[in-house]
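Student: According to the working numbering, the stretch in the sequence shown is residues 2 to 116, in order. Built from N, CA and C at the ideal position, the CB exists for glycine as well. Please find one structure pasted underneath; my questions will follow.
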Amino acid sequence: MPYIIWEAPYFKNYAIPLIAIVRLVNVAFEGVYFASMISLTSQNLCSRERTSLFTLLTSGSAMGALLTGVLSSFVLDYFDWSCVFRFVGFMGIAWRVSRGEHFAAFDLAQALMGR
């Protein structure tokens, strides 16, 4: 989407509708995210594992929304707007790496249970 905004002067008749379509598709996928996550975790995990994994998954999206809004404004004040996208991507990778031991334990439990 940043490239759409950057190249907007070259195709200004299509930029706004294209951004609106991209956002509409994004929101549609966000709408089914939690429902599909609940369905997958309830079908494949026992109740004890289900609660911890669901807590981890929902905390990731909540922390991402909170930190993105707060920290992106500071990044935008001192750097270019494209750095905001890089910063958010780095935060997502850092969140995954910091939660790596939980996912490794989850994979081991899945292997031991034969799933």
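Do you know offhand how far ILE20's Cα is from SER99's?
Tutor: So the two alpha carbons sit approximately 33 Å from each other.
Student: Could I get the ranges of all uninterrupted alpha helix (DSSP H) runs contained in the segment 3-72, with 4 residues as the minimum, in chain order?
Tutor: Whole alpha helix (DSSP H) segments, 4+ residues: 3-7, 13-45.
Student: In whole angstroms, what is the alpha-carbon distance linking LEU72 and MET92?
Tutor: The alpha-carbon atoms of LEU72 and MET92 are separated by roughly 10 Å.
Student: Can the beta-carbon of LEU58 be found less than 9 Å from the beta-carbon of MET38?
Tutor: Their beta carbons are under 9 Å apart, which means LEU58 touches MET38 by this criterion.
Student: In the DSSP assignment, find the unbroken alpha helix (DSSP H) run with PHE1 in it and report its ends.
Tutor: Examination of residue 1 is not possible in this model, given that the chain is present from 2 through 116 alone.
Student: When you compare only the Cα positions, how much space is there between ASN14 and ASN27?
Tutor: Their backbone Cα atoms lie some 22 Å apart in a straight line.
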